[in-house]
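Visitor:
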Amino acid sequence: MSNSSRRRFLLNAGTTALGAVLLKGCLGNPPEPGGGNTTAEQAAPVELSPEMVPETTQVKLGYIPIAEATPLIIAQEKGFFAKYGMTGVEVSKQANWASARDNLVIGAQGGGIDGGQWQMPMPHLITEGIITNGNKLPMYVLAQLNTQGNGIAIAAAHAGKGLHLDITNAADYIKGFPSSAGRKFKAAYTFPNANQDFWIRYWFAAGGVDPDQDIDLLAVPSAETVQGMRNGTMDAFSTGDPWPYRIIAEDIGHMAALTAQIWRFHPEEYLAMRADWVDQNPKATKALLKGIMEAQKWSDDPNNRAELVSIVAGRNYFNIPAEILTPPFSGIYRMGDGQPEINDFKMGPLFWKDDIGSVSYPYKSHDLWFLVESLRWGFHKDSIKDLDQVKQIIDKVNREDLWKEAATEAGFTSDIPQSTSRGVETFFDGKTFDPENPEAYLNSLAIKRI
Ligand code: CA
């Protein structure tokens with residue numbers, strides 16, 4: 004498609020007929036086996052020294068068809084897994100987060116998966132048996148897959164009400180729903196107690212809206228949420244690319260905020276695997292990690308983004324027109340509701356490096372934030388009781404040591420962080436999270452359950 008015809012496509016993307024095509028392509032597709040776009044140019048295999056030959060070449064990795072899955076798909080399609088001897092990787096589309104979790108419990112030998120893409124802190128919760136009916140299945144967090152690429156969408160019915168990044172002045176409008184609309188303001192995410200739940204909770208609470216008391220916040224499938232936003236029964240949606248683009252293009256509503264605005268370069272989704280698979284296959288694990296790292300480096304080169312989009316948009320992966328993915332992968336977001344368009348490559352999804360540090364390296368300080376935020380909201384309070392226990396779980400689950408070994412073997416030594424902490428994190432409302440003093444962060448928050 005030429006630049007001018009792409010531009011025309013983007014301008015016309017809100018029309019009804021095309022909107023219907025986009026919806027058809029995006030909603031409710033059954034999972035398909037991975038693999039597929041064999042047209043991508045493949046990386047040449049490296050000669051493996053005996054200590055780097057993987058114990059197995061076979062592994063099955065689950066993914067959800069959103070921007071976060073990019074490193075898994077690129078490592079497969081560009082030959083980066085095969086480059087390090089992992090010639091039998093299967094990248095397997097999962098219907099949703101709950102089935103990814105259930106397939107992990109089954110394991111690849113039973114027709115499930117060995118690991119893959121996760122929201123946080125799912126690996127920690129599965130390790131502790133908290134979201135697996137008490138069945139403790141140890142997992143290891145191996146790498147972060149991406150930063151950013153998520154956001155909060157608002158139904159078109161609320162245009163002009165000031166539901167943007169800072170909702171302090173819209174808090175009364177939201178809290179007044181029971182008297183003005185006869186019901187509470189309703190917001191959704193796709194899986195409870197994980198990233199998209201945390202992002203929308205943070206955003207509501209920063210504006211003075213208590214997500215547990217002032218509104219209804221619940222887990223709803225994406226397609227159902229979008230339908231609810233169209234017909235007036237759903238008000239807000241915490242979601243990831245490519246949905247933010249489609250919310251605007253299909254006149255479903257506007258974007259209140261990108262997660263890149265809420266917490267610049269925040270941790271997003273992760274590569275994590277069953278611990279038993281990693282313990283049995285440490286060399287294969289490092290080979291997988293090297294493939295992911297190469298895919299992440301490749302994906303962050305702006306010159307590769309057009310090819311990246313053509314690969315992940317393919318029928319075997321996201322199965323949507325490439326034109327839908329081009330703007331977010333270029334850092335272009337129409338926000339709607341009178342807000343300026345964002346056009347900054349570094350506000351979109353990034354995979355290897357950002358302006359603060361490594362994207363790929365799994366900082367323990369980020370695991371800590373997700374579990375401290377779980378304490379804040381009183382999640383799992385019968386199972387995870389305090390910060391000491393949180394730190395023990397992180398030390399068990401986080402395998403940043405394997406990441407560093409793999410990065411060293413691949414020759415990426417200059418990109419290895421000096422510390423397991425990224426240091427003090429700053430949010431859009433001025434709050435700070437010092438990993439050395441999480442109690443101070445908790446104390447600083449007005450709305451919390453502890
Ligand atoms: Ca996400």
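Just so we're aligned: the sequence shown equals residues 4 to 453 in my numbering.
We put the CB at the ideal spot given by N, CA and C, even for glycine.
All figures in this text were calculated on a predicted structure; none of them were measured in a lab.
1. Could you tell me the alpha carbon to alpha carbon distance between G433 and Q342, rounded to whole angstroms?
2. Determine, using beta-carbon pairs with one atom in the segment 254-267 and one in the segment 415-432, whether at least three such pairs fall under 8 Å.
3. Drop a sphere of 10 angstroms on the beta-carbon of V49, count the other beta-carbons inside from all chains shown, and report buried for 16 or more, exposed for fewer.
4. Which one or two residues does DSSP pair with T73 in a beta bridge?
5. Would DSSP call D491 helix, strand or coil?
6. Where do the N-terminal and C-terminal ends of the beta strand (DSSP E) with H269 fall, by residue?
7. Measure the beta-carbon distance from V362 to F354 and round it to whole angstroms, keeping in mind my assumption that it falls under 8 Å.
8. Between G381 and I76, what straight-line distance do the alpha-carbon atoms span, to the nearest angstrom?
9. Taking 8 Å as the cut-off, decide whether the C-beta atoms of A146 and L292 are in contact.
10. Can you give the Cα-Cα distance for A101 and D358, rounded to whole angstroms?
11. Below 8 Å between beta carbons: does that hold for N149 and E272?
12. Give me whichever residues DSSP pairs with I155 in a beta bridge.
13. State the start and end residues of the unbroken beta strand (DSSP E) segment that holds A190.
14. Going by C-alpha to C-alpha distance, which of T73, I67, L128, Y87 sits closest to P53?
15. How many Å lie between G360 and E297 at the Cα?
16. The alpha helix (DSSP H) spanning E460 covers which residue range?
17. Quick one: is E344 buried, meaning 16 or more other Cβ sit within 10 Å of its Cβ, or exposed?
18. How about N99: is its Cβ closer than 7 Å to a heavy atom in ligand 1?
19. If you reduce the DSSP assignment to three classes, tell me which class V212 lands in.
20. Any chance the CB of G91 is under 7 Å from a heavy atom of ligand 1?
21. Quick one: complete alpha helix (DSSP H) runs, 4+ long, within the segment 40-97?
22. Helix, strand or coil for M276 per DSSP?
23. Relative to the C-alpha of R104, which candidate in F83, P126, T90 has its C-alpha closest?
24. For the beta strand (DSSP E) containing M123, name the first residue and the last one.
25. Cβ of K189 within 8 Å of Cβ of D219?
26. In angstroms, rounded to a whole number, what distance separates the CA positions of I250 and W202?
27. Assign Q122 to one of two classes, buried (16 or more other C-beta atoms within 10 Å of its C-beta) or exposed (fewer than that).
28. Taking the C-alpha atoms as reference points, what is the distance between S231 and P224?
29. Got a sec, what are the start and stop residues for the alpha helix (DSSP H) Q299 sits in?
30. Taking all protein chains shown into account, decide if P33 is buried (16 or more other Cβ within 10 angstroms of its Cβ) or exposed.
31. With a threshold of 6 Å on Cβ separation, who are the neighbours of R452 within its own chain once the five nearest residues in sequence on each side are excluded?
32. Hey, would you say K286 sits closer than 8 Å to M55, going by beta carbons?
33. Nearest-angstrom Cα distance between A259 and D238?
34. How many angstroms separate the CA atom of L25 from the CA atom of I323?
35. Compute every distance between the C-beta of G334 and the non-hydrogen atoms of ligand 1, then say whether any falls below 7 Å.
36. State whether the segment 105-113 contacts the segment 66-82, with contact taken as three or more CB pairs (one from each stretch) at a distance under 8 Å.
Guide: Result, derived from the coordinates:
1. 21 Å
2. yes
3. exposed
4. Answer by DSSP bridge pairing: none, since T73 is not bridged.
5. Here the chain covers residues 4 to 453 and nothing more, so residue 491 does not appear.
6. Counting along the chain, H269 falls outside any beta strand (DSSP E), and DSSP gives it neither H nor E.
7. 6 Å
8. 35 Å
9. yes
10. 33 Å
11. yes
12. S241, A260
13. 189-192
14. Y87
15. 17 Å
16. In the structure as shown, the chain begins at 4 and stops at 453. Residue 460 is therefore absent and cannot be evaluated.
17. exposed
18. no
19. coil
20. no
21. 73-80, 83-86
22. strand
23. P126
24. Per DSSP, M123 belongs to no beta strand (DSSP E) and is neither H nor E.
25. yes
26. 18 Å
27. buried
28. The question names Ser, but residue 231 is Gly in the sequence shown. For G231 and P224, the distance between alpha carbons rounds to 11 Å.
29. 285-302
30. Residue placement at P33 cannot be trusted, given a pLDDT of 36 that sits under 50; what the coordinates show is reported in the next sentence. P33 is exposed by the Cβ-count criterion.
31. W380, G381
32. yes
33. 11 Å
34. For L25, the pLDDT reaches just 41, beneath the cut-off of 50, and the residue's location in the model is therefore unreliable, leaving the point undetermined.
35. no
36. no
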